[in-house]
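A short worksheet on the structure shown next.
Protein chains in written order, with the working numbering: chain A, 1277 to 1729; chain B, 252 to 705.
Structure below.
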């Protein structure tokens, strides 16, 4: 590979590029969807390609190629340099990259169970078990979708700085959407589980996944509509991660911060309650965001975003780090070779506090315990929403009736002591596998978008 | 070899390897784009992605494989892989057969050679224009992100039932997201865009609209909770209905008992002023083409006419299962893993969802509201509950309306409502429609929505 890629990088330099990088990938994917007990299709696929990025005249040019032949890559790099130069004419503030130490490394995966060694029939079997266990859980469960994917990537990253990293990555992902029906009321719940290896199903056996998601559906069917307005709430592990991801994570992505997010110019200032400490880390091995090097060749690390309520760090790539005079944090990630790396989260978590769950509930006269989420979204002005799919009322410090559909969070005043981690996907133009989590946390008040007064 | 020839080769190879039925699909996308970031143009890309997919079926067992290397050897390998994947699968008792050959419609304004001839220099110029124009509108406005994208798509589909079709299209998009800052306020991101199939660049129009919205969003006043009439922009309407209504008109969701509309065809489900079509043949529509992604002709399907539910949308699989005709709504790609078109089997996907315009002018729409809100965009719609229609969204940006006039922007305001009930309470429909994603709709007044405010 090196023999092919180095001459292409040299070509870029001779054409006037100040920096060039080639990210060559060979991907092998298996995808199986089970729709109400029927296999939609077994997908087995392989693909090859390279994403090529150059910096010339202070601007970025990006191009892709499905071929890894030297002549084809040279063609792509020529096109990327030409485009970058076309923009460079008008640029006021040329792009600069923070210095990094070039790395040569070979990162082999150490999986307990490599998905490629597992039979298709075993993979199918685990999905049909989930389907059956959901339907057997309760007669009100009516419809089950189970989606499975294992995505394996062999990546070679070569840059004009001398970085040359061969890195293997895999994701094993299990997704369920289960619907129940009772007296004309319909309710659904979602479950996502993941690991780097097929040991996913040893840690999270199919029956356990089925029970977890089915229980949520039944709770939903018996739920009542929440009271709208501001109420105290305890946010469970599943949602606390979404809170870390949506409420703080996105606006701490330095590209978005610089684009004018609510955190622009707030480094060093107190932006949250002093109970809040949040990290984004590549070092949490079981998380989807565990990566040794990011897609710019920066070493994976733990980045503290908020420490005791104070904004202490942002997530950077080499470009934003140079612009803000900071160090790159290893957050540059790309969905695949078809797109350039951008700033993405890895494993974003609240740090634990020292309250037990009961202690968190104790002082709440009336409020909500938010257990599972449906999805989230952030806006640069700091508005964020978290769609909640299962929640319970807290009445006089005790868990009460489940409720349906809540939204939006704020104001943490205590953190629990039991940590947790949820696997997920995040969309920012490109799709990325990320994890997020933390202990349950309590918020003094949050705006609940219910329909009951 | 042409794409059709590649497809024929794949189908033949799969049949030889033992497939009873086989289908090959090629999808080719090429794009040149220039991006704005923080008021500067500094990234451009040139992306080419071509792939071939094979669906092989034997005894009701379906296998699927794809490759992005288009050469004879790789295509044979992929076809054989699809066959061995089908052997490894389990019988799908709902499988009937692949689509048959049909006549394709003639569609207009979907391909314009001029778009392919535009150089990246020109795209840089459009971006430059968006930056300068938005700053001219109001100096508190920053062009946070945006860009110009010129792209083309080409598809081909061949199956063992005699289908052989190819189609191509072009796209030109200018988009801009702005934010405005004053000493005391940060506006939410306000976006505008114009996407066309033919060469009609309008960067100035896009920049003016996005910049005005952001500047106007700085004038924040107090929101008021309660039930109010709400003027919904097509952007807000599209977001709310995409994750509720559009899910429930899909034939698979109906079949699986997950649609509220299950036994409602022929019944009134919306105000009588509402007619909605899925029109895959609309001249110049962003989702217009002569064929869907498994070789079934695109068509115009009435979903709601004068408030009455008419039809659901289908692909081949679910239509045959329900003894109906496919409505030409097979799409590919995207999904939970956000994959390119050639990486997935077909699934039911809307084309252009057209809400028939009414007669109300902008003035008349506003006058309809004594006290209420104008909502441009909503946030969090993808968290809606498609089964019940319940949604709960933050409004960003939105404005308070008093006595038929826009008063001031509001922050920290939400709507909690039900999309299906909302469709029954549309009191007025504007006359000017606009395409947002796969929606083509005018502004509408929802007569009563529950507003939550801090």
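Where a beta carbon is used, it is the ideal one built from N, C-alpha and C, also for glycine.
Counting other Cβ atoms within 10 Å of its Cβ, residue 430(B) reaches 16 or more and is therefore classed as buried. DSSP places residue 575(B) in no alpha helix (DSSP H); its state is neither H nor E.
Using a 10 angstroms sphere on the CB of residue 1443(A), the tally of other CB atoms reaches 16 or more, which defines it as buried. Per the C-alpha coordinates, the member of 1485(A), 1455(A), 1433(A) positioned closest to residue 1280(A) is 1433(A). The continuous beta strand (DSSP E) containing residue 423(B) extends over residues 415 to 431. Around the Cβ of residue 614(B), a 10 Å sphere holds fewer than 16 other Cβ atoms; the residue is exposed. Exclusion of the five residues before and after residue 359(B) leaves 534 as the residues of its chain whose Cβ lies within less than 6 Å of its Cβ. Ranked by Cα distance from residue 384(B), the first of 602(B), 679(B), 453(B), 627(B) is 453(B). Taking C-beta separations shorter than 8 Å and ignoring five residues to either side along the sequence, the partners of residue 1618(A) in its chain run 1531, 1593, 1608, 1609, 1610, 1704, 1705, 1706, following chain order. Think of a sphere of 9 Å around the beta carbon of residue 379(B): the chain A residues whose beta carbon falls inside it are 1366, in chain order. Counting only unbroken stretches of 3 or more residues, the beta strand (DSSP E) elements lying wholly within the segment 1363 to 1401 of chain A are 1380 to 1383, in sequence order. For residue 1715(A) against residue 1629(A), the beta-carbon gap comes to about 7 Å, under 8 Å, which counts as contact. When the alpha-carbon of residue 1582(A) is set against those of 1598(A), 1549(A), 1612(A), the nearest one is in 1549(A).
The Cβ-Cβ distance between residue 352(B) and residue 413(B) falls below 7 Å. Taking 8 Å as the Cβ-Cβ cut-off, the segment 373 to 407 of chain B approaches chain A at 375, 379, 393, 395, 396, given in chain order. Closer than 7 Å to the CB of residue 1418(A) there is at least one CB belonging to chain B. Taking residue 544(B) as the centre and dropping the five residues before and after it, the same chain places the C-beta of 581, 582, 583, 597 closer than 6 Å to its C-beta, in chain order. Residue pairing by DSSP puts residue 704(B) in a beta bridge opposite 664(B). Comparing alpha carbon positions, the residue from 551(B), 263(B), 290(B), 620(B) closest to residue 409(B) is 263(B).
For residue 484(B), the three-state secondary structure derived from DSSP is coil.
Contact holds between the segment 1462 to 1473 of chain A and the segment 1481 to 1492 of chain A, because three or more Cβ pairs, one in each stretch, are under 8 Å apart. Out of 552(B), 692(B), 625(B), the CA that lies nearest to the CA of residue 610(B) is found in 692(B). Contact residues of the segment 586 to 606 of chain B toward chain A are 587, 588, 589, 591, 594, 595, 596 (C-beta to C-beta distance below 8 Å). With a threshold of 16 other beta carbon atoms within 10 Å, residue 1298(A) meets it and is buried.
With its beta carbon at least 7 Å from every one in chain B, residue 1602(A) lies outside the interface. Residues of the segment 1587 to 1612 of chain A with a Cβ closer than 8 Å to any Cβ of chain B, in chain order: 1611. At a Cβ-Cβ threshold of 7 Å, residue 604(B) and residue 669(B) do not count as neighbours. Collapsing the DSSP output to three states places residue 1592(A) in coil. Under DSSP, residue 1432(A) takes part in a beta bridge, and its partners are 1300(A), 1442(A). Put simply, of 1418(A), 1626(A), 1400(A) the residue whose alpha carbon is nearest the alpha carbon of residue 1688(A) is 1626(A).
Taking C-alpha positions only, residue 455(B) is separated from residue 381(B) by approximately 6 Å.
Taking 3 residues as the shortest admissible run, the segment 376 to 420 of chain B contains the following complete beta strand (DSSP E) segments, listed from N- to C-terminal end: 392 to 410. The residue from 1486(A), 1570(A), 1497(A), 1720(A) with its alpha-carbon nearest to that of residue 1431(A) is 1570(A). Sequence-distant partners of residue 1624(A) (beyond 5 residues in either direction) whose C-beta falls short of 6 Å from its own C-beta, in its chain, are 1520, 1521, 1525, 1556, 1712. Nearest to residue 1288(A) by alpha-carbon distance, out of 1323(A), 1361(A), 1311(A), 1314(A), is 1361(A). Residues of chain B whose Cβ lies closer than 7 Å to the Cβ of residue 1300(A) do not exist, since the nearest Cβ in that chain is about 13 Å away.
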